[in-house]
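To keep things clear, I will list the structure first and then write my remarks on it.
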Amino acid sequence: MGPLKNNISVALIGNPNSGKSTLFNALTGLNQKTGNYAGVTVDKHYGSYKFKTQDYTITDLPGTYSLYPKSIDEEVACKVLFSKEEGIDVVVIVTDASSLKRHLLLATQVVDLKKPCVLVLNMIDEANKNNLTIYKEELEKLLDISVVAVNSRNKEGINDLKEAITKAKISSAIFYDFEKQMQLFPQATSYQTIIESAVKSNEAHSEQLKQYELSDNIFRFSKINYIIAKCIKKPEQLNKNITQKLDAFFTHKIFGFAFFFLILFIIFQFIFYVAEFPMTWIEGGFANLMNITSSVLPKGQLNDLIVNGVLAGISGIVVFVPQIALLFFFIAILEDTGYMARASFILDKIMRRFGLNGKSVIPMLSSVACAVPSIMSARTITNWKDRMITILVTPLISCSARLPVYTLLISIMFVGHHTVGILNFQGLVLMGMYVLGFAAALIAAYILKRILKTTEKSYFIMELPVYRMPQWQTVTMLVFSKVKIFLFDAGKIILAISIVLWFLTSHAPADNFEVLEKNAVANNVSEQDLNAQKLEASYAGILGKKMEPAIKPLGFDWKIGIALITSFAAREVFVGTMATIYSSGDSENTETLREKLIAQKNFETQQPAYTNAVCWSLLIFYVFAMQCMSTLATTYRETKHWKWPALQLVFMTGLAYLSSFLVYTVLG
Numbered sequence: 036m037g038p039l040k041n042n043i044s045v046a047l048i049g050n051p052n053s054g055k056s057t058l059f060n061a062l063t064g065l066n067q068k069t070g071n072y073a074g075v076t077v078d079k080h081y082g083s084y085k086f087k088t089q090d091y092t093i094t095d096l097p098g099t100y101s102l103y104p105k106s107i108d109e110e111v112a113c114k115v116l117f118s119k120e121e122g123i124d125v126v127v128i129v130t131d132a133s134s135l136k137r138h139l140l141l142a143t144q145v146v147d148l149k150k151p152c153v154l155v156l157n158m159i160d161e162a163n164k165n166n167l168t169i170y171k172e173e174l175e176k177l178l179d180i181s182v183v184a185v186n187s188r189n190k191e192g193i194n195d196l197k198e199a200i201t202k203a204k205i206s207s208a209i210f211y212d213f214e215k216q217m218q219l220f221p222q223a224t225s226y227q228t229i230i231e232s233a234v235k236s237n238e239a240h241s242e243q244l245k246q247y248e249l250s251d252n253i254f255r256f257s258k259i260n261y262i263i264a265k266c267i268k269k270p271e272q273l274n275k276n277i278t279q280k281l282d283a284f285f286t287h288k289i290f291g292f293a294f295f296f297l298i299l300f301i302i303f304q305f306i307f308y309v310a311e312f313p314m315t316w317i318e319g320g321f322a323n324l325m326n327i328t329s330s331v332l333p334k335g336q337l338n339d340l341i342v343n344g345v346l347a348g349i350s351g352i353v354v355f356v357p358q359i360a361l362l363f364f365f366i367a368i369l370e371d372t373g374y375m376a377r378a379s380f381i382l383d384k385i386m387r388r389f390g391l392n393g394k395s396v397i398p399m400l401s402s403v404a405c406a407v408p409s410i411m412s413a414r415t416i417t418n419w420k421d422r423m424i425t426i427l428v429t430p431l432i433s434c435s436a437r438l439p440v441y442t443l444l445i446s447i448m449f450v451g452h453h454t455v456g457i458l459n460f461q462g463l464v465l466m467g468m469y470v471l472g473f474a475a476a477l478i479a480a481y482i483l484k485r486i487l488k489t490t491e492k493s494y495f496i497m498e499l500p501v502y503r504m505p506q507w508q509t510v511t512m513l514v515f516s517k518v519k520i521f522l523f524d525a526g527k528i529i530l531a532i533s534i535v536l537w538f539l540t541s542h543a544p545a546d547n548f549e550v551l552e553k554n555a556v557a558n559n560v561s562e563q564d565l566n567a568q569k570l571e572a573s574y575a576g577i578l579g580k581k582m583e584p585a586i587k588p589l590g591f592d593w594k595i596g597i598a599l600i601t602s603f604a605a606r607e608v609f610v611g612t613m614a615t616i617y618s619s620g621d622s623e624n625t626e627t628l629r630e631k632l633i634a635q636k637n638f639e640t641q642q643p644a645y646t647n648a649v650c651w652s653l654l655i656f657y658v659f660a661m662q663c664m665s666t667l668a669t670t671y672r673e674t675k676h677w678k679w680p681a682l683q684l685v686f687m688t689g690l691a692y693l694s695s696f697l698v699y700t701v702l703g
């Protein structure tokens, strides 16, 4: 590896489901950061550790099956290996020890790049369970690099790996067909120059590259078969292992679907049952905090700003942290156990009928968390048409940002406990919103299938990982990370919008407020009615009144209209906006937002303002509406054209308006 630098740069590369990310966590712990690779929106995960006084920076490359890239993620992984800016000193090749043959294609390609390498036999515990004997010393001789057995889930072998990285060397072994290389690419000076040509996607050489890749793979597998024969001893007859037994049920064409929907049912029941207690505590805590703050600070603008601007807005989002945490907790478990890959497998046949394939399932299911990374993850879909359809319909899947809106409205419709046995109506309605969004995405995909044209064939290949117990440290880190992002990213927006809204609701043109106050004294108007009149006369009220005619057919008033506008920044801002609006000018009233909305009366009819018809209309609107600037920006970055995000915005807004109108007309 040569003389040590101040900081050694290490890249982790491996097939998807090789346990690479778990190994990355084991090496770096909490010393991790996320960014973007230069010029692309692909996530860059990098971290650091110290070993024997030497500092190391680890970059977790996107999963790839080969150095001949078929997707953006694979292209990025290849480019990083060659990049002078990244300056990779050591490449750690991560393989699944229980299925080594499949992983050695990529491993031998990386070895042929002639960079210092270390091979990791990850998940060695699975190989042991399958009674596989791996002769590590023989494998080291044939590859001419260090080979380390690791169980990254419980950190076995991590120190051995760190030691091996310090001694990493360039292999003298060659696994490519040199004669074929010189025949097709006489100007090539090394195997790396061939791969660099593939990464650059030079059209003049594309057919040559495809031809060479095929012959290269055939040549490699002849050597890989020899390596496997020399280095791995399999038992004469393997018993049907637990993974195969479970897959017989979980991937069954009938029981597999039944179990999938049972999992969804349990998740959404839990989200309401379990989260209700901490949510109540948080609501009560903020109500007490607002009450104390209101009584301690002198009356005036500062008091009103802090109580009705800052605290009211923040409380509207913090209260939903328990539900967000539970949602990500279940998603992390499904991914860590290996079940999420099975969900993709069983849904592939259905997806194909609607113009998608199994690779679309991961982005669509991941959209339950957030559409932005889900759209970005569609890069792994090699078929252009399938990828475009996935990108366009993914925002219809209900994300975590919609969860606070759903929860607020459902809790207004079902005050108290509405259960039959173990069934919670709130959980059923919540699950219904997610199923509705998924159904809308499939219908939209079917329509786009008929519109978009391509001659490229679609295929679906996915490696099903073995079932494992979830690694609780990984699950905890993921939940903590996602909740932190949810709180701080959304919190910044909500705080800024809450302060602006406070100003717009607390101030009015000219002397509007003074006139109302004089009339209130003369006509003995109550303070509550005066506050309502002042809100309507404020800048926010004037803005809301101007847009009210357009949204009145949906059952929405001008207050909801303001929330619809502000929540375009992020859907969860709807709740914070409503909290600010209904707290405006009344620092004495520290009821929770739910209590205020339930008590709210329609000015014209003096009936409850938030009837079931209004709540259902709002629910349906938020299921379909494109209320997210970040999603539109991501669609533009991924498609490189404004027509696609424009199509998303027009289609989803139109669908939301029409659907909401029909629901309110029927129920109103």
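Every number in our numbering is 35 more than the matching position in the sequence shown, counting from 1.
Heads up, the beta-carbon is just placed ideally off N, CA and C, and yes, glycines get one too.
The structure displayed is predicted, hence computed values, not measured ones.
Check                                                                                                                                  : Outcome
Option nearest L444 by Cα separation, candidates K55, V470, I633, A142                                                                 : I633
Three-state secondary structure (DSSP) of G704                                                                                         : Nothing can be reported for residue 704, as the shown portion of the chain is limited to 36 through 703.
Among L219, N42, M448, the one whose alpha carbon lies nearest that of Q246                                                            : L219
Whole-number beta carbon distance between V153 and I200, since they are thought to touch under 8 angstroms                             : 6 angstroms
Which of helix, strand or coil DSSP assigns to L156                                                                                    : strand
CA nearest to the CA of W419, picked from L438, L391, V407, T442                                                                       : L391
Contacts around V45, its chain only, beta-carbon distance under 8 angstroms, and the 5 residues preceding and following it disregarded : Y91, T92, I93, T94, I123, D124, V125, V126, V127, I200
C-beta contact flag for A112 and L96 at 7 angstroms                                                                                    : yes
Every unbroken alpha helix (DSSP H) inside the region 346-414 [4 residues or more]                                                     : 347-353, 356-372, 374-388, 396-401, 406-412
Spatial neighbours of L62 in its chain, beta-carbon cut-off 6 angstroms, leaving aside the 5 residues before and after                 : Y84, I93
Nearest candidate by alpha-carbon position, reference L707, set S435, G579, F523, M423                                                 : Summary: the structure shown does not reach residue 707, with the chain confined to residues 36 through 703, and so no result is reported for it.
Where the alpha helix (DSSP H) containing S56 begins and where it ends                                                                 : 55-63
Under 7 angstroms between C-beta atoms of A480 and V428                                                                                : yes
Beta-bridge partners of P439, as assigned by DSSP                                                                                      : Bridge partners of P439: none, in fact.
Proximal residues to V649 (C-beta, below 6 angstroms), its chain only, five neighbours per side dropped                                : G590
Three-state secondary structure (DSSP) of K268                                                                                         : strand
Buried or exposed (CB count within 10 angstroms, at least 16 for buried), T442                                                         : buried
N559, DSSP secondary structure in three states                                                                                         : coil
Between the CA atoms of E110 and D421 - distance to the nearest angstrom                                                               : 19 angstroms
W537 versus A132, I341, K171, residue with shortest Cα-Cα distance                                                                     : I341
CB-CB length for T688 against M664, believed under 8 angstroms                                                                         : Their Cβ separation, rounded to whole angstroms, is 13 angstroms, which puts T688 and M664 out of contact at 8 angstroms.
G344 burial status per 10 Å Cβ neighbour count (16 or more: buried)                                                                    : buried
L196 Cβ short of 6 angstroms to the ligand MN heavy atom set                                                                           : No copy of the ligand MN occurs in the structure displayed, which carries no ligand at all.
Environment of H138 [buried if 16+ CB atoms lie within 10 Å]                                                                           : buried
Simplified DSSP assignment, three categories, for E583                                                                                 : helix
Cβ neighbours of S181 in the same chain (closer than 6 angstroms, five flanking residues each side left out)                           : V153, A199
Close beta carbons around Y100, own chain, < 6 angstroms, minus the five adjacent residues each side                                   : N50
Simplified DSSP assignment, three categories, for P505                                                                                 : coil
Among Q89, I48, L148, the one whose alpha carbon lies nearest that of N41                                                              : Q89
Outcome for A691 when other beta-carbon atoms lying within 10 angstroms are tallied against a minimum of 16                            : buried
Distance between L178 and K258 (C-alpha atoms, nearest Å)                                                                              : 11 angstroms
Same chain, Cβ closer than 6 angstroms to G74, neighbours up to 5 away in sequence not counted                                         : Interpretation of G74 is limited by its pLDDT of 46, a score under 50 that renders its predicted location unreliable; no figure is taken from the coordinates.
contact_flag[the region 187-206, the region 295-312] where n(CB pairs < 8 angstroms) is 3 or more                                      : no
Buried or exposed by the 16-neighbour rule on C-beta atoms within 10 Å, applied to G319                                                : exposed
D282 - DSSP class collapsed to helix/strand/coil                                                                                       : helix
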